[in-house]
Structure formats: structure tokens, C-alpha cells
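Enquirer:
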Amino acid sequence: MTHGIPTSLDSTSSGVPFLSGQTLLHMITLFACPKPFKDPLITSIQRKAIISWLQIDPSIEILLMGEEEGISEVCREFGLRHIPDISYSPFRTPLLSSLICQAEAVAKHKILAYVNADIIISKNLLPAVQTVARRWKKFLIVSSPYIVEYDKITEPNDIAKNALFFIVQEPTLCGADLFIFSKGIYPKIPSFRIGRRLWDVWLMGYATFRGIPAIDATRFLLTFHPNDISSSHVHDKLDHDSILKLWQSELFPHHYLDEIKINQSIMKDWYSISRVLLPYYIDENGVIHSRFNSYWDHPVVQLWKTYVLERTFRIRRKLGLYRWWRH
10 MTHGIPTSLD STSSGVPFLS GQTLLHMITL FACPKPFKDP LITSIQRKAI
60 ISWLQIDPSI EILLMGEEEG ISEVCREFGL RHIPDISYSP FRTPLLSSLI
110 CQAEAVAKHK ILAYVNADII ISKNLLPAVQ TVARRWKKFL IVSSPYIVEY
160 DKITEPNDIA KNALFFIVQE PTLCGADLFI FSKGIYPKIP SFRIGRRLWD
210 VWLMGYATFR GIPAIDATRF LLTFHPNDIS SSHVHDKLDH DSILKLWQSE
260 LFPHHYLDEI KINQSIMKDW YSISRVLLPY YIDENGVIHS RFNSYWDHPV
310 VQLWKTYVLE RTFRIRRKLG LYRWWRH
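Here the sequence shown is numbered in this note's numbering, starting from 10 and rising by one per residue.
1) Please determine, among Trp145, Asp167, Leu230, the residue with the shortest C-alpha to C-alpha distance to Asn294.
2) Could you have a look at Pro103 and say whether DSSP puts it in helix, strand or coil?
3) The beta strand (DSSP E) spanning Thr38 covers which residue range?
4) Whole angstroms are fine: how far does the CA of Cys110 sit from the CA of Ile132?
5) Compare the C-alpha of Val151 against each of Thr321, Arg228, Leu108 and name the closest.
6) For the candidate residues Ser81, Phe322, Phe40, whose alpha-carbon lies nearest to that of Ala126?
7) Give the DSSP bridge partners of Pro235, in chain order.
8) Check whether the Cβ atoms of His154 and Leu187 lie closer than 9 Å to each other.
9) Around the Cβ of Pro288, are there at least 16 other Cβ atoms within 10 angstroms (buried) or fewer (exposed)?
10) Do Phe218 and Ile156 have their C-beta atoms within less than 9 Å of each other?
11) List the endpoints of the continuous alpha helix (DSSP H) containing Ala142.
12) Can you grab the Cα-Cα spacing for the pair Phe175 / Lys161, in whole Å?
13) Could you work out which residue in Arg144, Val83, Leu72, Glu113 is closest to Ile224 when comparing CA atoms only?
14) Please state the DSSP three-state secondary structure of Ser53.
15) Please determine, among Lys327, Ile189, Ile297, Leu328, the residue with the shortest C-alpha to C-alpha distance to Leu149.
16) To the nearest angstrom, report how far apart Phe322 and Ser106 are at their CA atoms.
17) Nearest-angstrom Cα distance between Arg326 and Arg320?
18) Return the CA-CA distance between Lys147 and Arg56, expressed in angstroms with no decimal places.
19) What is the residue span of the beta strand (DSSP E) that Asp225 lies within?
Next comes the structure, spelled out in C-alpha cells:
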């Protein structure tokens with residue numbers, strides 16, 4: 010394995026005390042929106058992912074959402090809840106806003122976890138949530154998947170542990186596939202479409218810029234995505250400018266957008282370094298750290314610093330103070 014790839018999924022060896030789901034103060038409702046269980050490869054991948062979720066802990070409630078072929082049958086087979094009534098785009102792509110709204114309405118638990126239906130999740134899910142929930146009441150936890158050779162995962166009794174041996178690529182936070190969050194932190198969501206661009210980064214930015222702790226758990230809460238498999242449901246055409254407009258519309262305070270036009274270069278920069286939108290991270294040992302050395306390095310402070318600098322540029326230039334912020 011390459012440098013930086015983990016060698017263990019055992020949270021007990023990391024020093025993080027593990028409690029069964031039945032003793033958790035906040036248990037978890039996990040929800041996903043699968044593709045149709047029609048293509049043999051897609052069916053095999055999604056079934057293997059679902060089995061990995063069931064292997065985490067029996068206390069976790071699992072919802073499969075949508076009306077696609079085979080979902081109701083899979084729910085009956087594995088004892089899962091089927092939520093068929095969700096909203097779609099004109100191209101029959103599920104809307105993220107509908108998934109989260111429906112999950113919040115029917116979930117038994119106060120902590121929700123959205124995951125793409127082809128993602129294998131390790132058993133560190135509960136320890137990661139326990140660690141964060143002890144520190145904050147409201148939060149967002151994100152994990153970006155390792156890419157694995159799917160066809161070599163053959164051990165049915167511990168799928169996530171088996172996947173660990175077939176990693177071919179390390180994660181990138183521009184491709185996060187697991188979002189764990191407290192109920193109510195997303196009161197309004199633009200009409201993002203599952204499988205399209207930017208909605209994952211938007212979820213991170215919305216939480217961070219509203220003071221909700223956003224934590225990168227990629228190094229501790231391992232997830233796995235099959236190689237050479239598209240995460241899109243269908244070919245839903247939505248141009249980049251339209252997506253960017255959605256991205257901006259609800260991320261920033263409206264009075265801020267009215268007075269400052271966020272330019273493309275800043276947006277592209279934030280997209281390429283989306284890790285900045287996660288001020289905290291959990292290391293391999295299950296310990297939470299801050300990415301910033303001081304309060305002034307926090308993204309929210311930096312946002313308002315940019316606002317103040319742009320609003321006062323002319324007067325600072327007249328006073329000869331326009332370079333002060335560089336020192």
C-alpha cells in the first residue's frame with residue numbers, strides 16, 4: 010500500500026472507546042437513494058454497500074429512498090425502510106433537498122447520515138459520531154472515499170475490512186460521499202441534483218459559514234468507492250454557470266451578495282481547496298484537531314475580512330493603507 014493509506018479499521022486499537030449503538034445518546038439514521046437494481050454490476054455494488062452498512066451496528070436505521078426498480082424488494086430482503094416519495098428533476102434525477110427533507114421528516118433519530126448508495130462504510134462510523142457529539146450539539150461530519158478494486162472484495166463477513174486491502178487511490182475532498190449531520194442545520198437547500206457537481210462542497214460551506222462545526226473524518230471514518238464507476242444517476246444536463254448560481258444563492262448572507270460579487274476565481278479556488286471548508290479533522294487515532302492556528306485563520310473570519318477589505322479599499326488607498334493586510 011502507498012504512503013498515507015491506513016492499515017487498520019479497528020477503532021479500539023486507536024484508543025477511542027467504542028460503545029454499542031444501544032448506549033449512544035444520539036443514534037443514527039442513514040439514508041441513500043440507489044440507482045435501479047437492474048444492471049448486474051450496479052446491483053452487486055449497491056448490495057455490497059448496503060451489507061457493509063448493516064455490519065456496522067444493528068441500532069442504525071437505514072432508509073432507501075426513491076421509486077427506482079428493485080428498491081422495495083431490497084428493503085424487504087434486508088429489513089430496511091423504503092421511502093418512495095421524493096422529488097426529481099425533469100431528467101428524473103433525485104433532488105438533494107427532497108432527500109434531506111424527507112429523511113428529517115421520517116427519521117427516528119436526531120443524527121442523519123446521507124451516503125451515496127455505492128459507498129462501503131467502515132465500522133468507525135459510530136466512534137466518529139460519538140467523538141464529535143461529545144464536543145458539539147450541532148455538527149457536520151464528512152468523509153471522502155478511498156477508491157478500491159471492487160471485483161477483488163470477496164469477503165462477505167466484513168466487507169469494509171476486506172476493501173482496505175484493495176485501495177488504488179486516496180481520497181479527495183472534492184468527492185465526498187458521506188455526510189453526517191444534526192437534524193435542522195439545513196433549513197433550505199437549493200435544487201441540487203444527486204450526482205452533479207458542487208452540492209457536496211455547498212453542504213460543507215453552508216455549515217462552516219454559519220458557525221456549525223464541520224469535521225473531516227476521512228482519515229478515521231474510512232469509506233470506499235468502486236473504481237471506474239460513475240456516481241451519477243442519469244445524464245442530467247445542468248450547465249456550470251447554473252450550478253454556480255445555485256451554489257452562491259444560499260451559501261452567503263444575501264446582504265453580502267448584494268454588495269459584493271463573488272468572482273469566478275474565488276469560487277474555483279474554494280472548490281479546488283474544499284478542505285478549507287472543514288475547519289476540524291479527526292486523525293487516525295480518533296482525536297479531533299483544528300486546521301487553524303488561531304481564531305483569525307477561521308474561514309468565517311477570512312470571509313468577513315475579505316468583505317471589509319473590498320468595502321474599504323478606496324479609502325485605504327487614499328490613506329496609503331492598502332497594503333497593511335499583507336503584513
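Here a beta-carbon is modelled for each residue, glycine too, at the ideal position from N, C-alpha and C. All figures in this text were calculated on a predicted structure; none of them were measured in a lab.
Expert: Checking against the coordinates, here is how it stands:
1) Comparing alpha-carbon positions, the option among Trp145, Asp167, Leu230 lying closest to Asn294 turns out to be Leu230.
2) Pro103: strand per DSSP, three-state reduction.
3) The continuous beta strand (DSSP E) containing Thr38 extends over residues 37-41.
4) Note that residue 132 is Lys in the sequence shown here, rather than Ile. Distance between the alpha carbons of Lys132 and Cys110 is about 26 Å.
5) Among Thr321, Arg228, Leu108, the Cα nearest to that of Val151 is on Arg228.
6) Taking the Cα of Ala126 as reference, the smallest distance to any Cα among Ser81, Phe322, Phe40 is reached at Phe40.
7) DSSP, once it has assigned bridges, lists Val157 as partnering Pro235.
8) The residue you asked about is not His; residue 154 is Pro in the sequence shown. For Pro154 and Leu187, yes; Cβs fall inside 9 Å.
9) Of the other Cβ atoms in all chains shown, 16 or more fall within 10 Å of the Cβ of Pro288; this residue is therefore buried.
10) Not closer than 9 Å, so no.
11) Counting along the chain, Ala142 sits inside the alpha helix (DSSP H) bounded by residues 134-142.
12) Here the alpha carbons of Lys161 and Phe175 stand approximately 7 Å from one another.
13) Residue Arg144 holds the alpha-carbon nearest to the alpha-carbon of Ile224 among Arg144, Val83, Leu72, Glu113.
14) Secondary structure at Ser53: helix, using DSSP grouped into helix, strand and coil.
15) Here the closest residue by C-alpha is Ile189.
16) Roughly 38 Å between the two C-alpha positions.
17) Per the coordinates, the alpha-carbon of Arg326 lies some 12 Å from the alpha-carbon of Arg320.
18) CA-to-CA, the gap between Lys147 and Arg56 works out to about 31 Å.
19) According to the DSSP assignment, Asp225 belongs to the beta strand (DSSP E) that extends over 223-225.
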